[in-house]
Each structure stands twice: as C-alpha cells, then as structure tokens.
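Worksheet for the structure shown next.
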Amino acid sequence: MIQSQPTAPVRVPPLHLSALTLKTTGFAQRVRAAASAGYAGIGLGAADYLSARRSGIAEDDIRGYLSRAGLEVVELEFLRDWWTDADVRGTRLEEDILLHLADLTGAQQINVGLFDVVPDDVVRRGFERLCTRAARHGLRIGVEFMPYAELRTLTAARALVEDVGAPNSGLILDAWHWHRSGGSLEEVAAAADDGLVVSVQLCDALPEPLADLREEGRHHRQLPGEGVVDLQAWLEALAPALEGSSARPAATVATEVLSDAVVADGAGEACRLTFDAGRRVLEAFADRRDAPGR
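Numbering (the working numbering), first residue to last: 849 to 1142.
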C-alpha cells in the first residue's frame, strides 16, 4: 500500500507595516513601535528619509538602524506624478529621494498610483520610463488602484501593467481599495494566477461606504477581520501570489490601516493592534488551507 506523504503546513507570511498606517509618526519612533509589535519589516516614504536624517541618524547607518531593530524595508511610497515629463510638484525630487532611499535600505519596491486625467500614451510612456529607471536600482514598481483615483479598478491597473510589459512591474492588492471599487474574487484570482500580484495590503471596511470615499479610505479603515470584507475568500484567491513560484517571489504582505481611531492612542498601540489583527487573519487563512480534505 502506497502511503501519501504529509504535506508541509502552509507558511504564514511575514507581516510588514505599511508606510501610511503611521504616516505622521517620525522614523525612529515608527521603527521602535513596529519592532516591538512583532513586525518583520516596514514601508517608508521620502518624508521618513528626511525624518531619519533630522533625528541625527547618519545616512550610511539608516539600514543598520533598521537591522538592529530586526526590520527590513520592503516598499517605498508614494509616487503619483511619475507620468509627467515635467518636474511638477517636486516629482523628480521625490523620485530621486525614493531611489536613493532604496539604495540605502535595500528596499524591493516603489508603489505608485494615478490621480490625474492623462492621455493613455502619456501614461504608458511615463510608466515605462519609471520602470526602466527603477530596474537600474534593482527595484520593481507596484501599481495601486483606488476607487477615488483615476486608476480606480483592478482591471485598469492590470491593463497598464500588461500594456507596458515591464518585467519589474506588478499589482498591489489592497483589501479596502478592492472592496470599495466593486471588484470580484474572480479577477483577483486571475491576477494572482498570472503572476501579476507583487504586494498584498490587509485592512477592512465599514459596513456601508461613507459619502466621501477618499475620507473613508484615509481616515476610517477597519482593522483586518473587524469589517465586512471577506478576507479569507480574498486571501484564497490570492494564494498563488502569497506562495510564489520559481518564476516570481511571493508577494509581500503588509497591514495598511489608515484609521484615526487606531492611531489615537499612539504609535505603539497602533502597531500592536494592526499586527495582532493582521496576524490573526493570516493564521486563520493558513489553518483553513491546512485543514483535512483540502
């Protein structure tokens, strides 16, 4: 009688803290809070580089400061004017800072979105330029759609990535953005199956949308597992991206809970709440996939 070999238990992916969850917290305080809560890594923005330098951390020691706290930097954000040929609103300055910060920290990805009405050919040309420049630094570009932006659906974000075809580009799947954009699990599964998903962001949503989605998305998200998004079904659709393959590394997973209520009691408590909630969701997902009969 041939006995089947036991399968390895499903791995719970490392959990990271997005740059925007504590968007007003300084670099050093954010690092301490994230490390204390149990996060494996964090995201940073251009303002965090400036915060680190102003707090007296030497440029060459930024990565060491993070390493001593047990953290890595997995993503940098957020570029929104990458499409333009002109240096408006400090576009090139912010881009330059993020590329420099990536070199300093070993970050893997820069996140971008689109908020302006721009001709398709201009968008494609700008995205190709950015991907080419990022590739010189060993970086990928993650495209994030948002229901209140110009690039507002998974379908639109996927079209941009596929039209340009840069091998160092992919999609960011944020639970709140996906839910509020009216997305389907089928389109999530298709993107994951096709190896297009590079990042997953955990959060949750109120039972009913606010009249101003931008206000809700930036101030009133819910902790993962405490809203109405079916995160278990969503993660199931994303399973191929979370597991990775020989051709594509596993997608990174972060909590991105932009919530005035969550940060009200300080950075340390916000990190504890978001980490614990995110970890519970990921552990429940792993347990479901390990259940007999799957």
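Glycine included, C-beta positions come from ideal geometry on N, C-alpha and C. Please read all numbers here as calculations on a predicted model, not as lab measurements.
- [ ] List the residues that DSSP assigns as beta-bridge partners of R988.
- [x] Q957
Task: F1123, DSSP secondary structure in three states - done: helix
Task: Residue from G918, L914, G874 with nearest C-alpha to S899 - done: G874
TODO: Check each candidate in A955, S1032, L962, V971 and name the one with the smallest Cα separation from Q983.
DONE: First, the residue type needs correcting, since residue 983 is Ala and not Gln in the sequence shown. Of A955, S1032, L962, V971, the residue nearest in Cα terms is A955.
Task: Beta-ladder partner(s) of A1102, from DSSP - done: H864, Q1049
Task: Beta-carbon proximity list for L1058, same chain, < 7 Å, skipping 5 on both sides - done: E1064, H1068
Task: Where the beta strand (DSSP E) through G904 begins and ends - done: Note, G904: premise wrong, no beta strand (DSSP E); not H, not E.
Task: Segment contact flag, the region 1079-1089 with the region 874-885, C-beta cutoff 8 Å, min 3 pairs - done: no
TODO: Just confirm the distance between the C-beta atoms of Q1049 and E1131, as a whole number of angstroms; I'd bet it's less than 8 Å.
DONE: The Cβ separation is near 18 Å, so there is no contact.
Open item on the list: Taking 8 Å as the cut-off, does the region 972-989 touch the region 1007-1025 (at least 3 CB pairs, one atom from each stretch)?
Closed with: yes
Open item on the list: Alpha carbons only, please: which of V1009, G990, A950 is nearest the one belonging to R973?
Closed with: V1009
Task: 6 Å Cβ shell around L947 - same chain, five flanking residues per side excluded - done: H985
Task: Same chain only: Cβ atoms within 8 Å of S1029, ignoring 5 sequence neighbours per side - done: F993, M994, P995, R1000, T1001, L1002
Task: For G1116 and S903, believed in contact at Cβ under 8 Å, the rounded distance - done: Between G1116 and S903 the Cβ distance is about 17 Å, and since that is not below 8 Å, they are no contact.
Open item on the list: Here's a check: name, in chain order, each residue in its chain whose Cβ is nearer than 6 Å to the Cβ of V1111, leaving out the five neighbours to either side.
Closed with: A1118
Task: 8 Å Cβ cutoff met for G891 and L924 - done: yes
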